[in-house]
């Protein structure tokens with residue numbers, strides 16, 4: 001996760017936002033620190049006051065953007081009465097979050113997957129919290145009797161995350177020629193049919 005003592009503040013946020021733009025436009029491997037610095041309006045050396053290297057910047061970007069998204073999603077889900085509504089909220093927020101930031105969607109759906117094994121492991125650590133959120137919804141649905149008792153949690157989690165992930169990747173690959181958000185309801189319906197009694 002995020003290192004203790006890592007500098008924060010407005011410049012940190014500007015660099016993270018600039019990295020999203022530069023990586024989305026140039027690809028991770030072509031996204032030079034100098035381009036990110038230029039986009040952020042800071043000197044090249046300033047980047048190294050906040051991040052060890054480009055890999056550290058990429059992981060920090062994912063931790064910040066995904067961490068903030070997970071926190072907001074948890075907050076909204078907590079307001080819902082049952083597992084079905086919670087699942088819809090998760091789907092809806094997933095699509096709203098990435099659907100409103102095409103450059104971030106490019107980074108999360110395409111560029112993060114082209115990194116080395118060690119980076120992917122760190123990305124997996126960040127995703128664990130999101131997948132745990134899915135697990136909680138599934139467990140609640142089983143406990144309340146809304147979802148089938150013999151539901152395989154691991155398989156259901158993969159089905160839910162995989163469906164959301166592939167839908168967003170398809171949207172990115174098709175240059176966002178369709179809206180993501182309207183797909184939340186039909187996708188929720190399909191998933192609920194697979195989970196419910």
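Numbering (the UniProt record's numbering), first residue to last: 1 to 197.
For glycine and all other residues, C-beta sits at the position ideal for the given N, C-alpha and C.
Rounded separation between residue i and residue j - CA only
i	j	result
residue 179	residue 56	32 Å
residue 120	residue 129	15 Å
residue 75	residue 67	12 Å
residue 173	residue 163	15 Å
residue 140	residue 126	23 Å
residue 117	residue 123	10 Å
residue 32	residue 191	41 Å
residue 182	residue 193	18 Å
residue 185	residue 96	12 Å
residue 159	residue 176	23 Å
residue 78	residue 131	16 Å
residue 5	residue 107	Unreliable placement is indicated for residue 5, whose pLDDT of 47 sits below 50; the coordinate value is still reported in the next sentence. Answer to the nearest angstrom: the Cα atoms are 26 Å apart.
residue 151	residue 93	24 Å
Residue i - containing alpha helix (DSSP H), residue span
i	result
residue 145	Counting along the chain, residue 145 falls outside any alpha helix (DSSP H), and DSSP gives it neither H nor E.
residue 82	Unbroken run through residue 82: none, as it is neither H nor E.
Residues near residue i in its chain [Cβ-Cβ closer than 6 Å; skip 5 each side]
i	result
residue 111	23, 28
residue 138	153, 156
residue 188	88, 91
Among the options, nearest to residue i - alpha-carbon criterion
i	options	result
residue 146	33, 84, 31	84
residue 101	185, 13, 190, 21	21
residue 70	34, 182, 8, 91	91
residue 81	144, 160, 196	144
residue 63	168, 151, 104	104
residue 134	99, 195, 108, 115	195
residue 18	8, 142, 35	35
7 Å Cβ shell around residue i - same chain, five flanking residues per side excluded
i	result
residue 37	43, 44, 46, 47
residue 12	50
residue 168	98, 105, 109, 180
Cutoff 8 Å; reference residue i; Cβ partners in own chain excluding five residues on either side
i	result
residue 113	120
residue 65	16, 20, 104, 108
residue 148	142, 195, 196, 197
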